[in-house]
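Peer 1:
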Amino acid sequence: MKTLRPLLAVLLGCALAAAFCFSLIAGEYELGISDVLHTLFSHPGLGDGTVQKTHEIILWRIRLPRLLLAALTGMAMAVSGAVYQGCFRNPLVEPYILGVSAGASCGAALAIVFPALLPGGQLSAFLMGMAAVLLSFFLARNRGETPPVTLVLSGIIVGSLFSAGIGIMKYLASDVELREITFWMMGGFYYATWDDVFLCACAVLPCLALLLALAWRLNILSLGDEEARSLGLHPDRLRALFIILATLAASVCVSAAGIIAWVGLMMPHAARMLFGPDNRWVIPASALLGALYLLCCDTLARTLTGAEIPIAIITSIVGAPYLLWLLRAKGRELYGA
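Under my numbering, think of the first position of the sequence shown as 241, with each following residue one higher.
(1) Could you give the uninterrupted runs of the alpha helix (DSSP H) lying entirely in the segment 341 to 427, keeping only those of 4 residues or more?
(2) Decide if P561 is buried, meaning its Cβ has at least 16 other Cβ atoms within 10 Å, or exposed.
(3) When we look at the beta-carbon of I523 and count the other beta-carbons within 10 Å, is it buried (16 or more) or exposed?
(4) Could you pull out every residue in the same chain whose Cβ sits closer than 6 Å to the Cβ of E420, ignoring the five residues on either side in sequence?
(5) For G326, collect the residues of the same chain with a Cβ closer than 7 Å to its Cβ; drop the 5 residues on either side in sequence, then sort them by chain order.
(6) Residue ranges of each alpha helix (DSSP H) run of no fewer than 4 residues wholly in the segment 438 to 517, ordered along the chain?
(7) Can you have a look at E385 and say buried or exposed, based on whether 16 or more other CB atoms are within 10 angstroms of its CB?
(8) Counting pairs of beta carbons, one from the segment 332 to 348 and one from the segment 291 to 307, are three or more of them closer than 8 Å?
(9) Which residue wins for smallest C-alpha separation from F281, given the options E270, E296 and G267?
(10) Measure the C-alpha to C-alpha separation of D538 and C346 and round it to an integer number of angstroms.
(11) Classify G287: buried if its beta carbon has 16 or more other beta carbons within 10 angstroms, exposed otherwise.
(12) Can you tell me the Cβ-Cβ gap for G343 and M368, rounded? I've got them flagged as a contact below 8 Å.
(13) Are the Cβ atoms of A311 and M507 separated by less than 8 Å?
(14) Would DSSP call T539 helix, strand or coil?
(15) When burial is assigned at 16 or more other CB atoms within 10 Å of the CB, is Y324 buried or exposed?
(16) Determine the extent of the alpha helix (DSSP H) in which T545 is found, giving its start and end residues.
(17) Do you know how far the Cα of L412 is from the Cα of L488?
(18) Out of curiosity, what's the CA-to-CA distance linking G546 and Y430?
(19) Do the CB positions of L251 and F515 come within less than 8 Å of each other?
(20) CA-CA distance, L439 and E467?
(21) Please report the straight-line C-alpha distance between T243 and L529, rounded to a whole angstrom.
(22) How many Å lie between F377 and P387 at the Cα?
(23) From the DSSP output, in three-state form, read off A259 for me.
(24) In whole angstroms, what separates the C-alpha of C493 from that of M315?
(25) Could you name the residues of the same chain whose beta carbon sits closer than 8 Å to that of L535, not counting the 5 residues immediately before and after it, in chain order?
(26) When burial is assigned at 16 or more other CB atoms within 10 Å of the CB, is L277 buried or exposed?
(27) Got a sec? Which residues, its chain only, sit under 7 Å from R245 by beta carbon, not counting five neighbours each side?
(28) CA-CA distance, H509 and L358?
(29) Leaving out the 5 sequence neighbours to the left and right, which residues in its chain are closer than 7 Å to S341 when beta-carbon positions are compared?
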């Protein structure tokens, strides 16, 4: 296994590059390879400027920012899932367990229904998503400690509270606003812009770099709190740091793309099956797999029918059978059943 890890990583990188190139070509308006290359190198400031205006708009204003945002979101969600699973020592934990999805959805719904009272939808979604996680920490804190089980239960409680808020917003919303809330919660990269890409890159890439640098500490934390203390680490502080970094990366992407399920649950398992349990390999492998998976799902969402399918439908169609297989194949290992 260890000797094959570099080769597997290179193959994943090549697969990601191939998927990205194919996604640039595929779509309702198909572009040939020559069209893509000519458009890329003829962009103002980079070439002769003779490329067709239509190709330039499709590639530079629609597909490139969309695909980059999909890749960044896949990286963030997959790595966040790997970190959460390591922190809680639970293979079925995902980034939304502490209420970030419900908080972000509530923030977006508030901004849609009451646009004059709140900042833009993305900022509101991000702030409410982070607030949900911080509230979960606050509720779980007891006598200077934050037990993982209590933290998960607090996340469920906070998620339920924000879900109630979403229900209230839907009740108050007009038909147009209700449709907008529903589409946001189904996730997608329809309105991706270069500003979204820049914002997500500025948050996601530093968080991923820090998580990768601290991966060896996550290995220790995964062994248990007592083992971490015996090695001179403070498990509660370390867990809080990991969760904050993972949640920050996930929240920024959720605010830009909406709720995209299953990525944070599926990709860490796939990474561990390929690279083993060492988080120094699991974290970068999860990033590559998450980016590859969401690029493929987004391409399917754009090309399967004439109308675009919300990406959450695609990820759920794949994710539900995967979870069933996991329960069948790994049930005894995970649950002792």
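Backbone N, C-alpha and C fix where the C-beta goes; we use that ideal spot for every residue, glycine too.
Peer 2: In short, the structure shows the following:
(1) 361 to 380, 388 to 412 and 415 to 426
(2) exposed
(3) buried
(4) I352
(5) L458, L461, S462 and N519
(6) 455 to 463, 465 to 470, 475 to 497 and 503 to 515
(7) exposed
(8) no
(9) E296
(10) 24 Å
(11) Low confidence applies to G287: its pLDDT is 47, below 50, so where it sits in the model is not reliable enough to give any reading.
(12) 4 Å
(13) no
(14) helix
(15) buried
(16) First-last for T545: undefined, no H or E at that position.
(17) 30 Å
(18) 14 Å
(19) no
(20) 38 Å
(21) 20 Å
(22) 10 Å
(23) helix
(24) 10 Å
(25) L256, A259, F260, S263, L307, A310, A311 and G314
(26) exposed
(27) F515 and W521
(28) 38 Å
(29) V494 and I499
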